[in-house]
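Keeping their order, the protein sequence lines are chains A and B.
Mapping to this note's numbering: the first sequence position 129 is 129, numbers consecutive.
Mapping to this note's numbering: the second sequence position 57 is 320, numbers consecutive.
Just so you know, even glycine gets a beta-carbon here, dropped at the ideal spot from N, CA and C.
Structure record follows, encoded as structure tokens.
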Amino acid sequence: MSNGRGGRRPSMWLRLLPALSIILFLLLWEMVVRLRGILPIVLPAPSSIFNYLVAMVADGSLPYHLAVTFARIIAGFLVAGFLGVLIGVLMGMSSIFSRIIDPWIAALYPLPKISLIPLLIIWLGTGEAYILTISAVTAFFPVVISTYAGIRQTDSGLVNTARDLGASEWQVQTKVVVPAAVPSIFAGLQLGMGVTIILVVAAEMIGGSNQSGMGYLLIRFGQVMETEKVFASLIALAVFGGVIIKLQSAMDRWIAPWAVKKS
Amino acid sequence: MDIVIEKLVQVWDDGRDGVRALDGISHHFRSGRLTCLLGPSGCGKSTLVQIVGGIEQATSGLIRITDPNNPTAPAARAGERSIMMWQNLNLFPWRNVIDNVAFGLEMDGVARQQRYSRAKELLATVGLKNFEYKMCSQLSGGMRQRVALARALIMDQPILLMDEPFAALDAQTKIIMQEELTRIFEKMRKTILFVTHAIDEAILIGDEVVVMTARPGRIKEIIAIDLPRPRTQELVNSPEFGRLYDRILHLIRQEVLDAMRQQDEAVA
Ligand SMILES: Nc1ncnc2c1ncn2[C@@H]1O[C@H](COP(=O)(O)OP(=O)(O)OP(=O)(O)O)[C@@H](O)[C@H]1O
Ligand SMILES: [Mg+2]
Numbered sequence: 001m002s003n004g005r006g007g008r009r010p011s012m013w014l015r016l017l018p019a020l021s022i023i024l025f026l027l028l029w030e031m032v033v034r035l036r037g038i039l040p041i042v043l044p045a046p047s048s049i050f051n052y053l054v055a056m057v058a059d060g061s062l063p064y065h066l067a068v069t070f071a072r073i074i075a076g077f078l079v080a081g082f083l084g085v086l087i088g089v090l091m092g093m094s095s096i097f098s099r100i101i102d103p104w105i106a107a108l109y110p111l112p113k114i115s116l117i118p119l120l121i122i123w124l125g126t127g128e129a130y131i132l133t134i135s136a137v138t139a140f141f142p143v144v145i146s147t148y149a150g151i152r153q154t155d156s157g158l159v160n161t162a163r164d165l166g167a168s169e170w171q172v173q174t175k176v177v178v179p180a181a182v183p184s185i186f187a188g189l190q191l192g193m194g195v196t197i198i199l200v201v202a203a204e205m206i207g208g209s210n211q212s213g214m215g216y217l218l219i220r221f222g223q224v225m226e227t228e229k230v231f232a233s234l235i236a237l238a239v240f241g242g243v244i245i246k247l248q249s250a251m252d253r254w255i256a257p258w259a260v261k262k263s
Numbered sequence: 264m265d266i267v268i269e270k271l272v273q274v275w276d277d278g279r280d281g282v283r284a285l286d287g288i289s290h291h292f293r294s295g296r297l298t299c300l301l302g303p304s305g306c307g308k309s310t311l312v313q314i315v316g317g318i319e320q321a322t323s324g325l326i327r328i329t330d331p332n333n334p335t336a337p338a339a340r341a342g343e344r345s346i347m348m349w350q351n352l353n354l355f356p357w358r359n360v361i362d363n364v365a366f367g368l369e370m371d372g373v374a375r376q377q378r379y380s381r382a383k384e385l386l387a388t389v390g391l392k393n394f395e396y397k398m399c400s401q402l403s404g405g406m407r408q409r410v411a412l413a414r415a416l417i418m419d420q421p422i423l424l425m426d427e428p429f430a431a432l433d434a435q436t437k438i439i440m441q442e443e444l445t446r447i448f449e450k451m452r453k454t455i456l457f458v459t460h461a462i463d464e465a466i467l468i469g470d471e472v473v474v475m476t477a478r479p480g481r482i483k484e485i486i487a488i489d490l491p492r493p494r495t496q497e498l499v500n501s502p503e504f505g506r507l508y509d510r511i512l513h514l515i516r517q518e519v520l521d522a523m524r525q526q527d528e529a530v531a
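Listed below in structure tokens is the structure:
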């Protein structure tokens, strides 16, 4: 190994900077809390948050609620992803279909989906059906809109080329238009995943009669002012969300490496 | 295949009066010959080959595509017996090299094993062995050009329409590709329409050079290239080559100046 300076790769020092920045911040936090004697109920020290985190993993409560939330996210995402891609592709293929669906999307997209929660609770109660519906409905929109846009933006040169090489109209759609839209579809699915995570946790907070999931956990700890546990749950949720998003990008790269721009 | 075009007119819709790209072009592209279309930028060369290839519909005029060896057969539709090689290649970025080359056969329902073995033959013909499973984005410009050529050749159509296929290549790669094309043409004897900006390229590979005027595109002059085949790059040093070059340069200079003036006026 060279000493890094002057080499092509960033030096060791530069690569450690992000981690250092976090460590420094935590140290500062710990010091401020200890030196000024801030009450844990207001702002717990990082070290005690960490102890709670370990305890909550050990007694199985955190893994359980994370798993429940994860299952709900996957369910909402799959429903939204499947319907969004399907309807987006159909809209791209058929102008009749797109004319029928377009006004609904235009009308409903700007509506903050979270405002549907009271209505959904009236209709569906506060169980799993409600959580699934609110997250899937919200995630559906970015997916369908990106898919449709991707299909419509297909390079007409590629379409002409396929026709010239003897593709039927159906083959043009399935072998050119849809594959060409994959980058947009993936972008839509990533937005959809982000939205699903938000809505599942929010729904667990607001309805959540099942008393499970990270949203429920956060609200409960908040109500009894167990601030350490609130922080511990937040950290778990942040890491968990990050892992899901990273996993999704990795899967996209694996399925369609050509669609992912090199950074 | 003989291609006869008569009074082809193409007016593109530009939201205003329309752009007259072709202004009544008539010509007979002879079977088994390589005709180069030479003209200033924007004169309608791409438009012409796309109409002959059935990709675009002409505003008016006639195209007759017939087989001189089978005069009783009905004329072919535009595009039915031809394959296009595009100015910007139009490779499918989500397909690897072999699946790009085999695309046309796949659309025809040819079984995977057969189309792959045929694709491998053609990749060998264009000098691209051992790259079958690379993605096109991993290839150099010259290699991508070869993929596009193989994808067109695999269709085994008698007419090949080539729209500035070598324009984007560096000078050395271009020479190699010109020789490659000349070799393939001399072997396969297809009817080729080859659009180019380069006078030397037109003389080197063409049997005939059609010089077009600035827009609206008309035929200014047709120059037969009677240089013997097989041809190689050394030809550029011969006196005949120099004479042809000067003559074509003289013809095209005025048209290029006209085209540039048109562009200035369009901007003003
Ligand atoms: N699909 C189209 N719609 C509208 N106008 C078009 C279209 N294709 C070409 N044109 C116009 O027709 C004219 C001729 O274009 P064409 O592409 O045939 O020129 P060209 O000779 O191939 O030029 P170049 O050498 O730059 O490729 C241009 O003014 C162009 O803007
Ligand atoms: Mg052109």
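| query | Quick check: the region 390-400 of chain B against the region 409-419 of chain B, are there 3 or more CB pairs under 8 Å? | reply | yes
| field | Any non-hydrogen atom of ligand 1 within 7 Å of A284 (chain B) CB | value | yes
| said: Quick test of your reading: M193 (chain A) and T69 (chain A), contact by CB under 8 Å. State the CB separation rounded to the nearest angstrom. | reply: At roughly 13 Å, the Cβ-Cβ gap does not stay under 8 Å, so M193 (chain A) and T69 (chain A) are not in contact.
| said: On the criterion of 16 or more Cβ atoms from any shown chain inside 10 Å, does D426 (chain B) qualify as buried, or is it exposed? | reply: buried
| query | Going by the beta-carbon positions, is the gap between I266 (chain B) and I328 (chain B) smaller than 8 Å? | reply | yes
| task | Could you list which residues in chain A have their beta carbon closer than 7 Å to that of G367 (chain B), in chain order? | result | L165 and G166
| field | Selection from B:L490, B:I455, B:R414 and B:R478 that minimises the alpha carbon distance to D463 (chain B) | value | B:L490
| Distance between L285 (chain B) and D276 (chain B) (C-alpha atoms, nearest Å) | 13 Å
| Is the beta carbon of P493 (chain B) sitting closer than 8 Å to the one on E449 (chain B)? | yes
| Say the cut is 7 Å; is the CB of G76 (chain A) nearer than that to a heavy atom of ligand 1? | no
| request: Run the CB neighbour count on S21 (chain A), radius 10 Å, all protein chains shown included, and call it buried at 16 or more, exposed below. | output: exposed
| said: Under 8 Å, CB to CB, which of the residues in the region 144-165 of chain A have a partner in chain D? | reply: The structure shown contains no chain D; its protein chains are A and B.
| query | What whole-angstrom Cβ distance do M264 (chain B) and D330 (chain B) have, given they're in contact under 8 Å? | reply | 6 Å
| Any C-beta of chain B sitting closer than 8 Å to the C-beta of Q173 (chain A)? | no
| query | Looking at C-alpha atoms only, which residue of B:P356, B:L498, B:D362 and B:G469 is the closest neighbour of T454 (chain B)? | reply | B:G469
| query | Does DSSP classify V275 (chain B) as helix, strand or coil? | reply | Here residue 275 (chain B) is Trp; the residue named in the question, Val, does not match the sequence. Note: W275 (chain B) maps to strand in three-state DSSP.
| chain B residues whose Cβ lies nearer than 7 Å to that of A256 (chain A) | W357
| query | Say the cut is 7 Å; is the CB of S156 (chain A) nearer than that to a heavy atom of ligand 2? | reply | no
| query | So does H460 (chain B) have its beta carbon nearer than 7 Å to some heavy atom of ligand 1? | reply | yes
| Cα separation between R152 (chain A) and G92 (chain A)? | 6 Å
| Ends of the beta strand (DSSP E) at F240 (chain A)? | From DSSP, F240 (chain A) is part of no beta strand (DSSP E) but of the alpha helix (DSSP H) over T227 to I255.
| Alpha carbon of R5 (chain A) to alpha carbon of S11 (chain A), nearest angstrom | Annotation note: pLDDT 49 at R5 (chain A) (below 50); position unreliable, coordinate value reported separately. Taking the straight line from one Cα to the other gives about 6 Å.
| said: With the cut-off set at 8 Å, would you say E471 (chain B) and T310 (chain B) are in Cβ contact? | reply: no
| field | Sufficient close CB pairs (3 or more, under 8 Å) joining the region 336-353 of chain B to the region 130-148 of chain A | value | no
| task | Assign F186 (chain A) to one of two classes, buried (16 or more other C-beta atoms within 10 Å of its C-beta) or exposed (fewer than that). | result | buried
| Residue(s) in a DSSP beta bridge with M451 (chain B) | In the DSSP output, where bridge partners are listed per residue, M451 (chain B) has none listed.
| said: With H, G and I counted as helix, E and B as strand and the rest as coil, what does DSSP make of T459 (chain B)? | reply: strand
| Own chain residues within Cβ distance below 6 Å of E443 (chain B), not counting five before or after | none
| request: Let me know if E369 (chain B) comes out buried or exposed under the rule of 16 or more other beta-carbons within 10 Å of its beta-carbon. | output: buried
| E484 (chain B) (DSSP reduced to helix, strand or coil) | strand
| query | Below 8 Å between beta carbons: does that hold for V389 (chain B) and S345 (chain B)? | reply | no
| said: Taking a contact to mean a Cβ-Cβ separation below 8 Å, would you say L301 (chain B) touches M523 (chain B) in this structure? | reply: no
| query | On the three-state DSSP scale, how would you describe S400 (chain B)? | reply | helix
| said: On the criterion of 16 or more Cβ atoms from any shown chain inside 10 Å, does D252 (chain A) qualify as buried, or is it exposed? | reply: buried
| task | Can you give me, in chain order, the residues of the region 381-412 of chain B that have a beta carbon less than 7 Å from any beta carbon in chain A? | result | M398 and S400
| said: Can you tell me whether M1 (chain A) is buried or exposed? The criterion is at least 16 other CB atoms within 10 Å of its CB, across all chains shown. | reply: In this predicted model, M1 (chain A) has a pLDDT of only 43, less than 50, meaning its place in the structure is not dependable enough to derive any value.
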